[in-house]
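Read through the structure below, which is laid out as C-alpha cells, and then see the notes.
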Amino acid sequence: LVALDAATGGEVWRRRLARQIYFAPSAGSPLYAFGRVFVTTQGDARQEHHTLHALDARTGEVLWQAAAGSGFATPVLQGESIVVSSTDGRVIGFNPFTGEKVWTAKTGYGTYESSPVPFGDGLVMGSLVGILVGLAPTGAATATGLIPQDVAWRVHLGDGFLFARAAAAGERVLIGSLDGRLYAIAAPRPALPPRSDPPFRDLAGHWAAADVARMARYGLVSGYSGEGFRPERAVTRAEFAALLDRALGRRAAPEGFASLLADMDGHWAAEAVRALEARGLVQGTAGTDGRPAFEPDRNLTRAEAAVMLARAAGWEAAPEGFAGRLADLGGHWAAEAVRALEARGLVGGTPGPDGRPVFEPDRNLTRAEAAVMLWRLLAS
Numbered sequence: 023l024v025a026l027d028a029a030t031g032g033e034v035w036r037r038r039l040a041r042q043i044y045f046a047p048s049a050g051s052p053l054y055a056f057g058r059v060f061v062t063t064q065g066d067a068r069q070e071h072h073t074l075h076a077l078d079a080r081t082g083e084v085l086w087q088a089a090a091g092s093g094f095a096t097p098v099l100q101g102e103s104i105v106v107s108s109t110d111g112r113v114i115g116f117n118p119f120t121g122e123k124v125w126t127a128k129t130g131y132g133t134y135e136s137s138p139v140p141f142g143d144g145l146v147m148g149s150l151v152g153i154l155v156g157l158a159p160t161g162a163a164t165a166t167g168l169i170p171q172d173v174a175w176r177v178h179l180g181d182g183f184l185f186a187r188a189a190a191a192g193e194r195v196l197i198g199s200l201d202g203r204l205y206a207i208a209a210p211r212p213a214l215p216p217r218s219d220p221p222f223r224d225l226a227g228h229w230a231a232a233d234v235a236r237m238a239r240y241g242l243v244s245g246y247s248g249e250g251f252r253p254e255r256a257v258t259r260a261e262f263a264a265l266l267d268r269a270l271g272r273r274a275a276p277e278g279f280a281s282l283l284a285d286m287d288g289h290w291a292a293e294a295v296r297a298l299e300a301r302g303l304v305q306g307t308a309g310t311d312g313r314p315a316f317e318p319d320r321n322l323t324r325a326e327a328a329v330m331l332a333r334a335a336g337w338e339a340a341p342e343g344f345a346g347r348l349a350d351l352g353g354h355w356a357a358e359a360v361r362a363l364e365a366r367g368l369v370g371g372t373p374g375p376d377g378r379p380v381f382e383p384d385r386n387l388t389r390a391e392a393a394v395m396l397w398r399l400l401a402s
C-alpha cells in the first residue's frame, strides 16, 4: 500500500502487507476513516491469516490486523462498524479502533468483487449465483454498543455472476450482471433502530452527550460504576494520556525505548504515557531533581490538551491567512497549537466578558471537553 502527497504526488510512505502470486495484492479499494486507512489483502476464508488491515493514515504504521477472508472486498463504514465481506458469504463488522470482530451475518452465498455497499442504514451485495442480498440493522446492539446487521431480503436475478458492486439510487438498488443486464430493484431503505442515548444518566441534556455516547460505543471512554460519566470532573494528565493513546490505537513504545520521565515508574498510566513520549506527543517539565517529570496526577489544562492533540494530528500551526476568533490567546505559549485546532473546528470558544469568544487556556479540562475534543480529532 502506497500513500502519495495529494499536492505533489511524492511518496509519503509505503507498507508491504502481503504477498500474492497470481493477482494484485488487493482487489478492493482502501477506505479512510478516523485517521486510519482500512484495506484488504487476498486470503482464503478457511485460513486464519490476516486479510483486513488498519493503518495510521499519516505514517502507514499498522494499528491492527484481522482474519476475515476478505481479500476481494472493499471495506465500508456502516452503522459505526468497519464492514467487509468474505469469499464464503459472510459479512463481518469490526470495531474500527480495536479490530475486534463485533458481529457476523451469513448470507449463504459466496462472493468476490461485489463488496457490501451502504443502502440507507443497511447494506446490499451481490453473489456468485446471481442473488442480490440486502442486510438491515437488527434491534439489539452488541456488547460494545455497535449495531449488527443481518440478512433482510434476497432477490434472484438469474444465473449470471454479480461481480459488480451495487449502487443506491433513491429507493432502488442498481447492479450489473455478467449476463449482460443492468438490474434495478425496488427495496426498502433500512433505518437504524432508536438508540437509548445517552449511555450515562448524568448526560441527559448535556451539550457533550452525543459525542460521549459515540466514544462509549467504541469503547474509548467509560463511566464510573454507579456514578455515571461525571462530565464536569477535571481530567488528570495521566487520564488524558490514556484516552489519547487508546484513541490512536494503543501503540506501545518501541522495544528498548529509554523514557526521560522520572515520575512514571509503577504508575497505572506508565505504558500509555511512554508510548506517547516515544512519538513526541508528550514531554516533561523540570522535576525537583532536574530530571523531566510528567506530573501524571496533576489536572490537565485546556492548553496542554490542545498541544497534545495538535502534535497527534501533525498540525504545527493554523493554515496561512487564518484569522482566529479567540480573544484570550495573545502571547500564550500554546497559542499556535490552539489556533491550529480552531482552524480545523476541533475547538471553539465561550463568550468572554466583552462578548468575544475566549478559550480559557489555563482552565482545567473536563471529562466532557476531553471526549468531545478527541472525537472531533478522530472524525476530522
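If you count the sequence shown from 1, position 242 lands on 264 in the working numbering, and the numbers rise without skipping. We put the CB at the ideal spot given by N, CA and C, even for glycine. Computed from a prediction, not measured in an experiment: that's the story for all the values here.
At the C-beta level, A76 and G312 stay beyond 9 Å of one another. When secondary structure is reduced to three states using DSSP, R58 falls in the strand class. Ranked by how close their Cα comes to the Cα of G101, the residues A89, R236, P341, P383 have R236 in first place. Distance from the CA of A208 to the CA of D143, rounded to the nearest whole angstrom, comes to 16 Å. Taking A328 as the centre and dropping the five residues before and after it, the same chain places the C-beta of A356, A359, V360, L363 closer than 6 Å to its C-beta, in chain order.
Taking a cut-off of 8 Å on C-beta distances, the stretch 335-350 does not touch the stretch 308-323, as fewer than three cross pairs fall below it.
Under the Cβ criterion (8 Å, minimum of three pairs), the stretch 192-205 does not count as touching the stretch 272-287. By the neighbour-count definition (other C-beta atoms within 10 Å, threshold 16), S149 is a buried residue.
Scanning the stretch 65-122 for uninterrupted alpha helix (DSSP H) segments of 4 residues or longer gives nothing; none is fully contained. Residue state for E293 is assigned as helix, using DSSP reduced to three classes. Residue pairing by DSSP leaves F381 without any beta bridge partner. By the neighbour-count definition (other C-beta atoms within 10 Å, threshold 16), R112 is a buried residue. When the Cα atoms are used, S402 and R389 turn out to be separated by approximately 20 Å.
For V105, the CB contacts under 8 Å within the same chain, skipping 5 residues up- and downstream, are P97, V98, L99, V113, I114, G115, F116, P138, L145, Q171 in chain order. Using a Cβ distance threshold of 9 Å, A334 and L283 do not count as a contacting pair.
By the CB criterion at 9 Å, A238 and P212 fall outside the cutoff.
Judged by DSSP secondary structure, D201 falls outside any alpha helix (DSSP H); it is assigned neither H nor E.
In the three-state reduction of the DSSP assignment, R36 falls in the strand class. Contact check for A260 against V295 passes: the beta carbons are separated by less than 9 Å.
Counting only runs that start and end inside the stretch 265-345, the alpha helix (DSSP H) elements of at least 4 residues fall at 292-300, 324-335. Contact check for A25 against R36 passes: the beta carbons are separated by less than 9 Å.
Rounded to the nearest angstrom, the gap between the Cα atoms of G121 and R80 is 19 Å. For the pair A393 and A230, the CB atoms are nearer than the 9 Å cut-off. Burial check for P253: the Cβ neighbour count within 10 Å reaches 16 or more, so the residue is buried.
Rounded to whole angstroms, the separation of the alpha carbons of A89 and T63 is 10 Å. Each of G353, E193, Y134 was checked against the Cα of F141, and the nearest Cα belongs to E193.
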